[in-house]
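>
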Amino acid sequence: MNIELTQEQRMIRDLARDFAQNEIAPVAAKYDEAGEFPWETVKQMGKLGLMGIMVPEEYGGAGLDTLSYVLAMEEICKADAAHGTIMSVNNSLYCEGILQFGTEEQKRKYLVPVATGEWVGAYSLTEPESGSDSAALKTRAERQGDVYVINGRKSWVTNGPVANALILFARTNPDLPKHKGISAFIIETDKPGFTAGKPEHKLGVRASVTCECTYENYECPAENRLGEEGEGFKIAMTILDNGRIGIAAQALGIAQAAFEASVKWAKERHAFGGPIANLQAIQFKLADMATRIEAARLLVYQAAIAKDRAKQTGERYTKLASMAKLYASETAMFVTHQAVQIHGGMGYSKELPVERYFRDAKITEIYEGTSEIQRLVIARNILREQL
Ligand code: CAA
1 MNIELTQEQR MIRDLARDFA QNEIAPVAAK YDEAGEFPWE TVKQMGKLGL
51 MGIMVPEEYG GAGLDTLSYV LAMEEICKAD AAHGTIMSVN NSLYCEGILQ
101 FGTEEQKRKY LVPVATGEWV GAYSLTEPES GSDSAALKTR AERQGDVYVI
151 NGRKSWVTNG PVANALILFA RTNPDLPKHK GISAFIIETD KPGFTAGKPE
201 HKLGVRASVT CECTYENYEC PAENRLGEEG EGFKIAMTIL DNGRIGIAAQ
251 ALGIAQAAFE ASVKWAKERH AFGGPIANLQ AIQFKLADMA TRIEAARLLV
301 YQAAIAKDRA KQTGERYTKL ASMAKLYASE TAMFVTHQAV QIHGGMGYSK
351 ELPVERYFRD AKITEIYEGT SEIQRLVIAR NILREQL
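For the sequence shown, full-length UniProt numbering assigns the number 1 to the initial residue and increments by one for each residue that follows.
1. Can you tell me whether TYR367 sits near the ligand CAA, meaning its C-beta is under 8 Å from at least one heavy atom of the ligand?
2. Going by DSSP, what residue range makes up the alpha helix (DSSP H) through residue 425?
3. With a CB to CB cut of under 6 Å and the five nearest residues on each side skipped, what residues in its chain are close to CYS77?
4. Please report the Cβ distance between ILE86 and ASN151, rounded to the nearest whole angstrom; I am assuming they are in contact, meaning their Cβ atoms lie under 8 Å.
5. Quick one: any contact between the stretch 347 to 359 and the stretch 273 to 286, if contact means 3 or more CB pairs under 8 Å?
6. Would you say the beta carbon of LEU383 is closer than 8 Å to some non-hydrogen atom of the ligand CAA?
7. Return yes when at least one heavy atom of the ligand CAA lies under 8 Å from the C-beta of LEU376, else no.
8. Flag this pair as touching only if the stretch 305 to 312 and the stretch 57 to 72 have three or more C-beta atom pairs under 8 Å; answer yes or no.
9. May I ask you to check if the CB of PHE194 is nearer than 8 Å to at least one heavy atom of the ligand CAA?
10. Can we say the stretch 334 to 344 touches the stretch 92 to 105, given the rule of at least three CB pairs closer than 8 Å?
11. Measuring straight from C-alpha to C-alpha, what distance separates ALA29 and ALA361?
12. Sorry if obvious, but does the Cβ on TYR218 come closer than 8 Å to a heavy atom of the ligand CAA?
13. Alpha carbons only, please: which of MET289, ALA290 and LYS267 is nearest the one belonging to LEU279?
14. Quick check: TRP119 and ALA163, are their CB atoms within less than 9 Å of each other?
15. Return helix, strand or coil for LYS154, following the three-state DSSP convention.
16. Could you spell out the range, first to last residue, of the beta strand (DSSP E) harbouring SER124?
17. Would you kindly work out how many angstroms separate the C-alpha atoms of TYR110 and GLU74, rounded to a whole number?
18. With contact counted as at least three CB pairs below 8 Å, one residue from each stretch, are the stretch 352 to 360 and the stretch 331 to 340 in contact?
19. Which ranges does the alpha helix (DSSP H) cover as unbroken runs of at least 4 residues, wholly within the stretch 14 to 66, from first to last along the chain?
20. Going by Cα to Cα distance, which pick from THR370, PRO353 and ARG380 is closest to PRO26?
21. From this set, THR318, ALA257 and THR172, which residue's C-alpha is nearest GLN21's C-alpha?
22. Which runs of the alpha helix (DSSP H) fall wholly inside the stretch 270 to 329 and span at least 4 residues, in chain order?
23. Within the same chain, show all residues whose beta-carbon is closer than 8 Å to that of ILE293, passing over the 5 residues directly before and after it, in chain order.
24. Output yes or no for whether 9 Å exceeds the beta carbon distance between VAL147 and CYS95.
25. By DSSP's criteria, CYS220 is part of a beta bridge. Which residues make up the other side?
26. Should TRP39 be labelled buried (16 or more other beta-carbon atoms within 10 Å of its own) or exposed?
27. Just tell me which of LYS138, GLY97, GLU142 and LYS311 has its CA closest to the CA of ALA122.
28. Using only the alpha-carbon positions, how far apart do GLN338 and LYS285 sit?
29. Where does LEU166 sit, in a helix, a strand or coil, going by DSSP?
30. Should residue 429 and GLU36 be called a contact, given that it needs their Cβ atoms to be closer than 9 Å?
31. Could you check which residue in ILE53, GLY46, GLY60 and ALA72 has the C-alpha nearest to that of ARG13?
32. Going straight from the alpha carbon of PRO128 to that of SER155, what length do you get?
33. Excluding the 5 residues preceding and the 5 following GLY243 in the sequence, name in chain order all residues of the same chain whose CB lies nearer than 6 Å to its CB.
34. Sorry if obvious, but does the Cβ on HIS179 come closer than 8 Å to a heavy atom of the ligand CAA?
35. Closer than 8 Å: is that where the CB of TYR123 sits relative to any heavy atom of the ligand CAA?
36. From this set, PRO192, THR189, GLU188 and ILE167, which residue's C-alpha is nearest ILE182's C-alpha?
Structural data, given as structure tokens:
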């Protein structure tokens with residue numbers, strides 16, 4: 001696949017690269033250590049148009065395509081994957097959800113402030129007892145006149161402690177089986193009945209705060225329902241198709257950062273009479289890392305292009321998004337593992353960012369669908385296709 005980037009795509013990539021290297025990289029370790037949300041840089045990202053890259057300009061976004069988004073994500077994540085998590089939830093889970101399923105009024109009220117970076121958005125599907133099996137969710141939204149009264153508990157809500165608004169999935173009809181009784185809602189988090197819990201202590205992406213959220217008789221206006229009643233599960237899955245491309249780009253960025261650090265280290269570090277880059281044991285690792293990164297990049301770009309093409313054709317790009325996420329996240333894990341090994345003791349020290357890349361890579365194999373779920377999605381799609 002020969003991908004010739006447009007001038008616009010090169011511009012957003014370069015803008016993201018300059019910002020990431022100059023503003024994010026110097027503070028990444030500090031926020032990681034503190035597990036603190038990096039407000040200052042996130043606000044700047046909003047001003048640069050990085051919080052609503054694919055949102056049309058009329059709704060406050062940058063109006064760019066998915067490949068532009070992927071290129072920018074990769075650059076941000078090369079500097080710090082946690083900033084990438086915040087960016088991806090805003091862009092591909094929240095903004096794309098409202099853009100695809102929202103009414104004109106919902107877009108004006110809830111898309112514009114998040115796309116401009118004034119607000120932070122989130123997405124809330126998972127519950128303490130339903131992770132991979134999303135259709136088993138129990139949070140209840142009961143229609144009472146003009147409102148839905150919501151009760152329940154959600155977990156692992158990325159951006160949850162700081163979000164102004166989020167997309168929530170809840171059960172509107174408990175009599176219908178599994179995914180059929182689920183609906184989606186736009187929730188304002190400053191209203192009574194909503195509580196964001198304490199941020200979780202996590203292994204990686206520590207600056208992207210994550211928490212449980214509880215709903216106790218939260219009254220959501222009926223006009224804040226996203227899509228029709230009972231359509232919630234399909235909305236959740238369609239949004240996750242977008243999201244998985246974003247996480248794949250995040251994984252790619254982490255892998256690229258770990259790879260570049262390893263090449264530099266291999267040339268500088270001396271052992272057995274010369275730079276360790278002269279040793280085949282190191283060369284073979286670098287060759288495997290580079291090859292997997294290139295393959296992952298092709299899959300990620302292909303999924304991004306397929307997503308934009310789907311706007312015209314209406315075709316689903318589910319399989320390609322899952323392939324990109326599966327391969328890129330396993331590549332990030334492989335590459336960061338090798339990078340720590342190449343760096344030896346220094347790879348295990350907080351003096352260098354390599355140990356952070358290693359910790360950050362792991363989540364890409366878990367959130368927005370574990371690697372096992374991606375394999376399940378890919379296999380189901382293959383078996384449905386006509387050969
Ligand atoms: N797009 C549109 N519709 C879809 C779809 C998609 N990608 N995938 C499934 N559907 C539809 C199906 O066509 C089916 O519709 P019909 O009833 O009309 O036939 C319906 O949805 C049910 O589909 P399945 O039978 O395949 O559903 P399932 O219960 O077997 O589940 C699953 C499928 C793939 C396992 C799904 O539950 C899944 O993806 N699980 C993982 C969830 C996940 O990624 N969670 C992470 C949440 S976000 C997060 O990590 C935190 C954060 O803050 C970032």
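Note that beta-carbon positions come from the ideal geometry of N, C-alpha and C, so glycine has one too. This one's a predicted model, so the numbers in the text were calculated from it and none came from an experiment.
With the given structure in hand:
1. yes
2. Only positions 1 to 387 of the chain appear in the structure, and residue 425 is not among them; the question remains open.
3. GLY84, GLN250, GLY253 and ILE254
4. At roughly 28 Å, the Cβ-Cβ gap does not stay under 8 Å, so ILE86 and ASN151 are not in contact.
5. no
6. no
7. yes
8. yes
9. no
10. no
11. Their Cα atoms are separated by approximately 15 Å.
12. no
13. When only C-alpha atoms are compared, the closest one is LYS267.
14. yes
15. strand
16. 121 to 124
17. 26 Å
18. Result yes; three or more Cβ-Cβ pairs closer than 8 Å.
19. 25 to 34 and 39 to 47
20. The shortest C-alpha separation from PRO26 is found at PRO353.
21. ALA257
22. Those alpha helix (DSSP H) runs which fall completely within the stretch 270 to 329 and span 4+ residues are 280 to 313.
23. LEU252, ALA255, GLN256, PHE259, THR331 and VAL335
24. The criterion of a C-beta distance shorter than 9 Å is not satisfied by VAL147 and CYS95.
25. TYR148
26. exposed
27. GLY97
28. Rounded to the nearest angstrom, the two C-alpha atoms are 7 Å apart.
29. strand
30. What is shown of the chain runs 1 to 387, which leaves residue 429 out entirely.
31. Ranked by how close their Cα comes to the Cα of ARG13, the residues ILE53, GLY46, GLY60 and ALA72 have ALA72 in first place.
32. 6 Å
33. SER92, LEU93 and GLU368
34. yes
35. yes
36. ILE167
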